[in-house]
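Structure, as C-alpha coordinates:
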Amino acid sequence: MEVLIICPVNPTEDANKVTKGLENLLGRSDLTIMDSDHIQEISLSSKNQDILNLVRQTIHETRIIDAARKRLRLNWNGTSTKIYFDKQAAFARKTRIIDDDQELPPLGSIEIIISFDSESEFDDFINWFTPLTKNGKIINY
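The opening residue of the sequence shown carries number 10 in our numbering; numbering runs sequentially from there.
In C-alpha coordinates, the structure reads:
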(Lines of atoms letter the chains of each structure in order from A and count residues from 1; the text may use other names and numbers.)
(Lines give C-alpha, C1' and ligand atoms only; values in the text may rest on other atoms or scores of the structure.)
Protein backbone atom coordinates (compact mmCIF):
# COMPACT_ATOMS: atom_id res chain seq x y z
CA MET A 1 0.00 0.00 0.00
CA GLU A 2 1.16 3.50 -0.75
CA VAL A 3 -0.43 6.77 0.34
CA LEU A 4 0.22 9.99 -1.57
CA ILE A 5 -1.15 13.31 -0.38
CA ILE A 6 -1.01 16.22 -2.81
CA CYS A 7 -2.14 19.81 -2.38
CA PRO A 8 -1.52 22.64 -4.85
CA VAL A 9 -0.67 26.11 -3.58
CA ASN A 10 -2.24 28.71 -5.83
CA PRO A 11 -0.35 31.96 -6.55
CA THR A 12 -2.88 33.88 -4.43
CA GLU A 13 -2.43 31.58 -1.42
CA ASP A 14 0.02 31.68 1.45
CA ALA A 15 1.99 28.39 1.44
CA ASN A 16 2.25 28.53 5.24
CA LYS A 17 -1.54 28.59 5.58
CA VAL A 18 -1.97 25.71 3.14
CA THR A 19 0.69 23.77 5.06
CA LYS A 20 -1.16 24.51 8.31
CA GLY A 21 -4.38 23.14 6.79
CA LEU A 22 -2.58 19.93 5.84
CA GLU A 23 -1.08 19.67 9.32
CA ASN A 24 -4.57 20.13 10.81
CA LEU A 25 -5.94 17.32 8.65
CA LEU A 26 -3.01 14.92 8.98
CA GLY A 27 -1.41 15.85 12.29
CA ARG A 28 1.98 15.85 10.58
CA SER A 29 4.56 18.42 9.67
CA ASP A 30 6.99 16.39 7.51
CA LEU A 31 5.55 17.78 4.29
CA THR A 32 7.52 18.47 1.12
CA ILE A 33 7.05 21.72 -0.80
CA MET A 34 7.99 21.63 -4.47
CA ASP A 35 8.14 24.53 -6.92
CA SER A 36 7.63 24.13 -10.64
CA ASP A 37 6.57 26.64 -13.28
CA HIS A 38 5.23 29.23 -10.82
CA ILE A 39 3.13 26.59 -9.04
CA GLN A 40 3.88 25.17 -5.63
CA GLU A 41 2.70 21.77 -4.52
CA ILE A 42 2.81 20.34 -1.03
CA SER A 43 3.03 16.58 -0.78
CA LEU A 44 3.64 13.68 1.55
CA SER A 45 3.97 9.98 0.79
CA SER A 46 4.15 6.86 2.90
CA LYS A 47 3.83 3.11 2.63
CA ASN A 48 2.06 2.98 6.00
CA GLN A 49 -1.65 3.59 6.55
CA ASP A 50 -0.85 5.09 9.96
CA ILE A 51 -0.19 8.35 8.14
CA LEU A 52 -4.00 8.59 7.92
CA ASN A 53 -4.73 7.96 11.62
CA LEU A 54 -5.85 11.53 12.39
CA VAL A 55 -8.00 11.76 9.24
CA ARG A 56 -9.59 8.43 10.16
CA GLN A 57 -10.20 9.53 13.75
CA THR A 58 -11.79 12.79 12.59
CA ILE A 59 -14.01 10.99 10.06
CA HIS A 60 -15.22 8.70 12.86
CA GLU A 61 -15.74 11.55 15.38
CA THR A 62 -17.67 13.70 12.90
CA ARG A 63 -19.76 10.71 11.83
CA ILE A 64 -19.02 10.98 8.14
CA ILE A 65 -17.85 7.38 7.84
CA ASP A 66 -20.51 6.45 5.28
CA ALA A 67 -19.72 9.46 3.07
CA ALA A 68 -15.99 8.68 3.12
CA ARG A 69 -16.58 4.98 2.44
CA LYS A 70 -18.88 5.77 -0.48
CA ARG A 71 -16.37 8.17 -2.01
CA LEU A 72 -13.46 5.71 -1.64
CA ARG A 73 -15.52 2.90 -3.19
CA LEU A 74 -16.74 5.06 -6.10
CA ASN A 75 -13.16 6.13 -6.86
CA TRP A 76 -11.76 2.57 -6.72
CA ASN A 77 -10.27 1.68 -10.13
CA GLY A 78 -8.89 -1.78 -9.35
CA THR A 79 -5.48 -0.59 -8.14
CA SER A 80 -6.08 2.69 -6.31
CA THR A 81 -8.65 5.03 -4.88
CA LYS A 82 -8.72 8.68 -3.89
CA ILE A 83 -10.60 11.11 -1.73
CA TYR A 84 -10.59 14.91 -1.68
CA PHE A 85 -10.84 17.27 1.28
CA ASP A 86 -11.54 21.00 1.27
CA LYS A 87 -8.36 23.04 1.87
CA GLN A 88 -10.12 26.00 3.46
CA ALA A 89 -12.07 23.76 5.83
CA ALA A 90 -8.84 21.97 6.83
CA PHE A 91 -7.22 25.32 7.66
CA ALA A 92 -10.21 26.04 9.94
CA ARG A 93 -9.76 22.60 11.60
CA LYS A 94 -12.87 21.21 9.92
CA THR A 95 -13.12 18.05 7.84
CA ARG A 96 -15.13 18.38 4.66
CA ILE A 97 -15.11 15.68 2.01
CA ILE A 98 -15.46 17.00 -1.51
CA ASP A 99 -17.68 15.17 -3.95
CA ASP A 100 -15.21 15.24 -6.82
CA ASP A 101 -17.96 14.64 -9.39
CA GLN A 102 -20.07 17.57 -8.25
CA GLU A 103 -17.92 20.36 -6.87
CA LEU A 104 -14.55 21.98 -7.04
CA PRO A 105 -13.66 24.55 -4.36
CA PRO A 106 -12.28 27.83 -5.70
CA LEU A 107 -8.85 27.22 -4.16
CA GLY A 108 -8.70 23.52 -4.95
CA SER A 109 -8.47 20.59 -2.61
CA ILE A 110 -6.28 18.19 -0.69
CA GLU A 111 -6.09 14.95 -2.66
CA ILE A 112 -5.30 11.66 -0.94
CA ILE A 113 -4.45 8.83 -3.35
CA ILE A 114 -4.08 5.33 -1.94
CA SER A 115 -2.63 2.54 -4.09
CA PHE A 116 -2.92 -1.15 -3.24
CA ASP A 117 -1.19 -4.38 -4.26
CA SER A 118 -4.48 -6.31 -4.30
CA GLU A 119 -8.21 -5.92 -3.94
CA SER A 120 -8.09 -7.72 -0.59
CA GLU A 121 -5.60 -5.10 0.67
CA PHE A 122 -8.09 -2.42 -0.44
CA ASP A 123 -10.92 -4.23 1.38
CA ASP A 124 -8.83 -4.47 4.57
CA PHE A 125 -8.05 -0.75 4.35
CA ILE A 126 -11.69 0.21 3.74
CA ASN A 127 -12.83 -1.85 6.72
CA TRP A 128 -10.20 -0.16 8.92
CA PHE A 129 -10.61 3.41 7.62
CA THR A 130 -14.38 3.45 7.11
CA PRO A 131 -16.02 0.39 8.69
CA LEU A 132 -19.62 -0.53 7.92
CA THR A 133 -22.23 1.28 10.00
CA LYS A 134 -25.88 0.83 10.83
CA ASN A 135 -27.96 3.68 12.27
CA GLY A 136 -24.77 5.68 12.76
CA LYS A 137 -23.00 2.98 14.77
CA ILE A 138 -20.05 0.89 13.61
CA ILE A 139 -21.02 -2.72 13.00
CA ASN A 140 -18.63 -5.18 14.61
CA TYR A 141 -18.61 -8.22 12.41
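Ideal placement from N, C-alpha and C gives every residue a C-beta, glycine not left out. No experiment lies behind these values; they were computed from the predicted model shown.
- In this model, Ser129 and Glu22 are separated by some 40 Å (Cα to Cα).
- Contact between Leu53 and Arg37 holds: CB atoms are separated by about 7 Å, below the 8 Å threshold.
- DSSP links Ser129 through a beta bridge to no other residue.
- Listed in chain order, the alpha helix (DSSP H) elements of length 4 or more contained wholly in the region 32-117 are 62-70, 74-83, 96-100.
- One Cα belongs to Ser45, the other to Ile51, and the distance between them is close to 11 Å.
- If you check the CB distance, Asp95 and Ser118 come in under 8 Å.
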